[in-house]
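First residue of the sequence shown: 3, per the working numbering; consecutive thereafter.
Structure, as structure tokens:
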Amino acid sequence: MSAVQPPHAEQFSSREQQDFAGSFGMWVFIASEFLFFGPLLFGYFYLRTHYPQACAAASRHTDFLLGTANTAVLLTSSFLMALAGHAAKAGQRPQAARLLVAVAALGLAFLAIKGFEYHSEFQEGLFPGAGFRPEKGGQPQDMPGMELFFLLYFAMTGLHALHLTIGILACLAMAFLLRRPAPAAPSGEAVELAGLYWHFVDLVWIFLYPLLYLVGRAGG
3 MSAVQPPHAE
13 QFSSREQQDF
23 AGSFGMWVFI
33 ASEFLFFGPL
43 LFGYFYLRTH
53 YPQACAAASR
63 HTDFLLGTAN
73 TAVLLTSSFL
83 MALAGHAAKA
93 GQRPQAARLL
103 VAVAALGLAF
113 LAIKGFEYHS
123 EFQEGLFPGA
133 GFRPEKGGQP
143 QDMPGMELFF
153 LLYFAMTGLH
163 ALHLTIGILA
173 CLAMAFLLRR
183 PAPAAPSGEA
193 VELAGLYWHF
203 VDLVWIFLYP
213 LLYLVGRAGG
């Protein structure tokens, strides 16, 4: 007597093939995301190489405490996301759903902190353009480089916030679907794929954090 095969989509011959296709597709998607962040990071390192003093001065205008708080928020969310994946694979769907809601809540907390930080930066005259005039001052020769730094800062953190928003919506949708009966609920592998995307977004921030908040403070 043959073993009962777990349910899978019609276009796949088995659940294993479906899971492999989903995992491969997510890795391809994540790799394609470097097309967005790659040019911005290249621009940052080019700027840092040619205007090191301006980059250091601009970095000292960023809010170290808020940036650090947001880093802690995302690290906590990654831990909860890993727990959600384990719970879903163990068949503990209600627990996985609650964890996903908690992850989404932490993502919203990150966006709220970032929004407050943006508001403060606008007030301080740090938004690139005609009104760029840092209240804390800076050497006149550093102003062009500082403005370029903040142009990249807003572009990179804004793009990251957009990706985080997508992750929040995915977590909430997954949490809602996990409330459905077993055959229709997302599999543990599907939750892990959502987690893979979330960890990628968190990793991007972990990479941005020292570049934007620490480079000008390393020397005191």
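C-beta atoms are modelled at their ideal positions from N, C-alpha and C, and glycine is treated no differently.
It should be emphasised that the depicted structure is a prediction, and the values quoted were computed from it without experimental measurement.
Check: Element boundaries [alpha helix (DSSP H), containing residue 167]; Outcome: 145-179
Check: Between the CA atoms of residue 133 and residue 175 - distance to the nearest angstrom; Outcome: 40 angstroms
Check: Counted within 10 angstroms of its Cβ, other Cβ atoms place residue 122 as buried (16 or more) or exposed; Outcome: exposed
Check: Three-state secondary structure assigned by DSSP to residue 212; Outcome: helix
Check: Spatially closest choice to residue 109 from 62, 89, 163, by CA coordinates; Outcome: 163
Check: Nearest to residue 150 (by Cα), restricted to the options 161, 96, 45; Outcome: 45
Check: Exposed unless 16 or more other CB atoms sit within 10 angstroms - verdict on residue 190; Outcome: buried
Check: Meets three-Cβ-pair contact criterion under 8 angstroms: the stretch 203-211 and the stretch 98-106; Outcome: no
Check: Outcome for residue 136 when other beta-carbon atoms lying within 10 angstroms are tallied against a minimum of 16; Outcome: buried
Check: Helix, strand or coil at residue 189 [DSSP, three-state]; Outcome: coil
Check: Residue 73 beta carbon less than 9 angstroms from that of residue 211; Outcome: yes
Check: 8 angstroms CB neighbourhood of residue 154 in its chain, flanking five on each side removed; Outcome: 42, 45, 46, 49
Check: Pair within 9 angstroms by beta-carbon distance, residue 148 and residue 59; Outcome: yes
Check: Boundaries (first-last residue) of the alpha helix (DSSP H) holding residue 128; Outcome: Taken as a continuous stretch (DSSP letters only), residue 128 belongs to no alpha helix (DSSP H), as it is neither H nor E.
Check: 8 angstroms contact criterion, which residue 199 and residue 172 should meet: CB distance rounded; Outcome: 7 angstroms
Check: Backbone CA spacing between residue 68 and residue 167 [nearest angstrom]; Outcome: 19 angstroms
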